[in-house]
Each structure stands twice: as structure tokens, then as C-alpha cells.
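Quick notes on the structure that follows.
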Amino acid sequence: MAKIKSIKAQEILDSRGNPTIQTQVILDDGAIGISSVPSGLSVGKYEAVELRDKDTGRFGGLGVLKATANVNDKISPKLVGMEAGDQRNIDHTMVTLDGTSNKVSLGANSILSVSQAVCKAAAFSQKMSLYRYINNLGKAFNLPTSIEKMPTPTFNILNGGRHGAGNLDIQEFMVIPPTSKSYHEGLELGVAVYNALRQVLINKNAIHSLGDEGGFAPNLFNNVDALEILREAILKLNIRLGYDIFLGLDSAANNFMSGNSYKLKDRPTPFSTAELVNYYKELNNQYKLLLLEDPFGEDDWDGWIKLSQELENLVVIVGDDLIATNPERLKLAVSKKAVTGVLVKPNQIGTVTEVLWLVEQAKKNNITTIVSHRSGETNDTFIADLAIAVAADYVKFGAPARGERVAKYNRLLEIERELFND
Numbered sequence: 217m218a219k220i221k222s223i224k225a226q227e228i229l230d231s232r233g234n235p236t237i238q239t240q241v242i243l244d245d246g247a248i249g250i251s252s253v254p255s256g257l258s259v260g261k262y263e264a265v266e267l268r269d270k271d272t273g274r275f276g277g278l279g280v281l282k283a284t285a286n287v288n289d290k291i292s293p294k295l296v297g298m299e300a301g302d303q304r305n306i307d308h309t310m311v312t313l314d315g316t317s318n319k320v321s322l323g324a325n326s327i328l329s330v331s332q333a334v335c336k337a338a339a340f341s342q343k344m345s346l347y348r349y350i351n352n353l354g355k356a357f358n359l360p361t362s363i364e365k366m367p368t369p370t371f372n373i374l375n376g377g378r379h380g381a382g383n384l385d386i387q388e389f390m391v392i393p394p395t396s397k398s399y400h401e402g403l404e405l406g407v408a409v410y411n412a413l414r415q416v417l418i419n420k421n422a423i424h425s426l427g428d429e430g431g432f433a434p435n436l437f438n439n440v441d442a443l444e445i446l447r448e449a450i451l452k453l454n455i456r457l458g459y460d461i462f463l464g465l466d467s468a469a470n471n472f473m474s475g476n477s478y479k480l481k482d483r484p485t486p487f488s489t490a491e492l493v494n495y496y497k498e499l500n501n502q503y504k505l506l507l508l509e510d511p512f513g514e515d516d517w518d519g520w521i522k523l524s525q526e527l528e529n530l531v532v533i534v535g536d537d538l539i540a541t542n543p544e545r546l547k548l549a550v551s552k553k554a555v556t557g558v559l560v561k562p563n564q565i566g567t568v569t570e571v572l573w574l575v576e577q578a579k580k581n582n583i584t585t586i587v588s589h590r591s592g593e594t595n596d597t598f599i600a601d602l603a604i605a606v607a608a609d610y611v612k613f614g615a616p617a618r619g620e621r622v623a624k625y626n627r628l629l630e631i632e633r634e635l636f637n638d
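Mapped onto our numbering, the consecutive letters of the sequence shown carry residue numbers 217 to 638.
Printed below as a string of C-alpha cells:
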């Protein structure tokens, strides 16, 4: 197997115009891998640490020159000469070099940019598609060895919370095609609903702007208004909610939790945990929810456990901030029967190896897997190949708009043609 010849990182911009890190790895056979990492705005406390310069004279303190220096001056000397195909050893070397439990020393952004770039370079060296190469890596984690399905897309077409205009509490309102549809059919349906929603919002003079993830950030006054607007857009297409298409929510409840209660614009008084459980149950009765992500704060175990019991076999209860793509956090959540789904965000944990370990834990416990972007994205399509490689159930790449989102949807179209249409 080819060995690592050089590693070089630089600062680039993400989709919000904020700095992020991009790393190029060159192998001694000439193979090249380039990867950049995204950044989240709604960040849980259990995520691995993203290293920022905090120099207010540059990019408001968001520069990543320290992160790029860590790659060029600390990580590169350790990895040059190592076999690129030994992903586990490469990742272990970086984690050991960092020496902390949350990668605060080198930065998860530094480490992940190298981990993914090495993975890409090794795939190129072996003349393999990236998804097939990652699939081969997954064999060591008891992941599926054959690639037999495409993930179902989830489209965040209404943006609220920290991703929107500030007037909706719930962060993401998603439409989800049925799993019976092919990937390209599901993509077409998502685009149709997105365009129908645009027209409904125009007719109501309710368009405010686009959110970070390409969804509309409208002039609406509470979360039920947003769900009703989505239902209206779906009806315009003569399709049935709960049969032909489904809804999902990412509450990102950390952002509207205050003390031990939750403040939503749907009523003047805060919700207790028990009241919020009932609120979600009523939303499910009215709108046929398929996925419900981060419905409670990341430490409100009582809420997670109760909701998972109440909506068992009805709605997938998805842990994002609760789990932070951390295999140990997932083990804890499974032991408490707190989730039935998990978001997979590589930059929450920091290495390809740890992502595969997380997916192994999920598959072993029949936990639904959703490979996800972040709100501050790049045009890197690594996560599209990752989703195919690990047989993810769903992907969450945002709305079918904005280049950094569409790049990932288009990569899945390419893979679908390679796998099923040749």
C-alpha cells in the first residue's frame, strides 16, 4: 500500500463565510486526497472540540490558523511515511497525539480533515470509489459488506431556531419521502414540495429569507403555523401526508430550554418535560411525524425515555446533541432506551474510525442511522459516500438548494447510477 508523502492544511471558507480547514494528503504513488470539514451552529456540549483562533482581529475570532498549524507542524511529521491504507492506526496516532478525551488540544477539525483526506487518497491509490473503500474499512466493524440500498433523503425545507430568522423555536421542519421510493424519486418529490412551499409562502407574503441550510426562514409566529404551511404545500401537490410523504422535526431543544422547562411560542407559559412529551404526541397525531430529533435537552434523560416509550414504533426518536456521534454516549442512550435513531456527524467525533465504531454500535442495537451535514458546510461530498458505505437509513443534507447541499444530493445521484442503473 502507498505511504503518506505529504500533508498540508490551509484555511478556506464555509457556506456561512466563516473559516474552516481543508487538508491535502499526497501519497508516494501520486494519489491525492483533499477534504474540508464543516462547522455546526447548534453545538452540543458532548461534541469533540472545534479549534478556533479566538483572535478578534481576524474573522471575528473564528479563524483556524491554529488548526492548520497543528496539521502542518504536529500531525504531518507523525503521519508521513505511514501506510495510507491503515486508517485505524492513522486515526489512533492522531488521537494519541492529541491526548485529550474531546480533542481539545489539536482540534477535532484538524484531525478530521486529515482522517478524511487520508481516506480519500487511499481510495484513489487503490482505484476504488470512496464509498467502496469505506465499505471495506467497515468490515473490521462488522458493518454490511455488500452495498444493496440507497439512503432515504430528509429535506429541511423550513429553517427555524438558530438556523432561521429567529421567530420559530423548532430548528428544522423536514419532509421525508417514503422508503419505498428510489433515491432519485425521493429527491424529485422533495424538490416538488420545496417549490410548492415557496409558492405558498409567496402567496401569504411570508417569505423572509433562506436559512443556513437552504430552507425557507419565513415570517411565521409559531411552530404549528409552520407545520400547517407544510401541510398546505403538500396538499397542493395532491399527495397524502402520512402516506406519500412524511414530516420530521429537529427541535434542537437545548436552544429553547430554560432551567428545567421549555419555552415555545405555541403558548405563553413554559412546558414542563411531561407537558412537552404530550405536546409532541399531539403533533404526531396531527402531522404524522416520522422522525423527531433532539426533542429534549441533552441532559433531560427523563424526557427522552418517556417520549421513546410513548411513541415506540410510531416515531423514530433521534439523538444528535444527546449522543454527539460518540459511541460511548450511544451505548448509554441505548442502555436507558432513550433513542431509536442516531445522527452521524463526523465532525462531532473527529475521525473516520470513530464514526465507523459509532455506526457499528447503532447497527448492533437496531438503531436507525442518519448521516448528516452541518449548518456551515463545504462542497466536500465525503458524507454522501459514507452514507452509502455504511448502509445508512437516511441522509440529512438540508434543502435541495444552495450549492454545498446540492453537491451531496448530486453525489448520491452519481452513486445510484453506478450501483443500480448501469
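Glycine included, each C-beta is placed from N, C-alpha and C at the ideal position.
By the 16-neighbour rule on beta-carbons within 10 angstroms, ILE418 is exposed.
Per DSSP, ILE242 is one residue of the beta strand (DSSP E) stretching across 235 to 243. The beta carbon of ILE450 sits closer than 7 Å to those of VAL409, LEU457 and ILE461, all from its chain and outside the five residues before and after it, given in chain order. By the neighbour-count definition (other C-beta atoms within 10 Å, threshold 16), PRO293 is an exposed residue. About 5 Å separates the beta carbon of ILE220 from that of VAL296, a gap short enough to meet the 8 Å contact definition. In the three-state reduction of the DSSP assignment, LEU572 falls in the helix class, which pools H, G and I. Under the criterion of beta carbons closer than 8 Å, ALA225 and THR272 do not qualify as touching, at roughly 23 Å.
Distance from the CA atom of SER488 to the CA atom of LEU281, rounded to whole angstroms, is 44 Å.
According to DSSP, residue pairing for PRO369 in a beta bridge involves VAL611. Where PHE598 is concerned, the enclosing alpha helix (DSSP H) starts and stops at 598 to 605.
Taking the C-beta atoms as reference points, GLN303 is found nearer than 8 Å to LEU353. For PHE462, the enclosing beta strand (DSSP E) begins and ends at 462 to 466. Boundaries of the alpha helix (DSSP H) harbouring PHE340: 324 to 341, taken from the DSSP string. Under DSSP, MET390 shares a beta bridge with ASN372 and GLY464. When the five nearest sequence neighbours on each side are left out, the beta carbons in the same chain lying within less than 7 Å of the beta carbon of LEU243 are those of ALA218, LYS219, ILE220, LYS221, ALA300, ALA337 and SER341, in order along the chain. Taking all protein chains shown into account, TYR459 has fewer than 16 neighbouring C-beta atoms within 10 Å of its C-beta and is therefore exposed. Going by beta carbons, PRO434 and ALA469 fall outside the 8 Å limit. Distance between SER331 and VAL571, taken at the CA atoms: about 11 Å.
About 13 Å separates the Cβ atoms of LEU374 and PHE437, ruling out a contact at the 8 Å cut-off. The way I'd put it, the segment 311 to 320 doesn't touch the segment 576 to 593; fewer than three beta-carbon pairs between them come closer than 8 Å. A distance of 8 Å or more separates the beta carbons of ASN325 and GLU263. Your pair GLU634 and SER231 does not check out as a contact, with CB atoms roughly 27 Å apart and the cut at 8 Å. In the structure shown, the three-state DSSP call for TYR478 is strand. Annotation for THR312: the continuous alpha helix (DSSP H) segment containing it runs 303 to 314. Boundaries of the beta strand (DSSP E) around GLY557: 557 to 560. A direct Cα-Cα distance of roughly 15 Å separates ALA442 from ARG483. Taken through DSSP and simplified to helix, strand or coil, LYS420 comes out as coil. Residues LEU278 of the same chain have their beta carbon placed closer than 6 Å to that of ARG268, with the five preceding and five following residues left out of the count. Of the residues GLY249, PRO254, LYS420 and ALA540, the one whose Cα lies closest to the Cα of LEU559 is ALA540. Under the Cβ criterion (8 Å, minimum of three pairs), the segment 386 to 396 counts as touching the segment 491 to 511.
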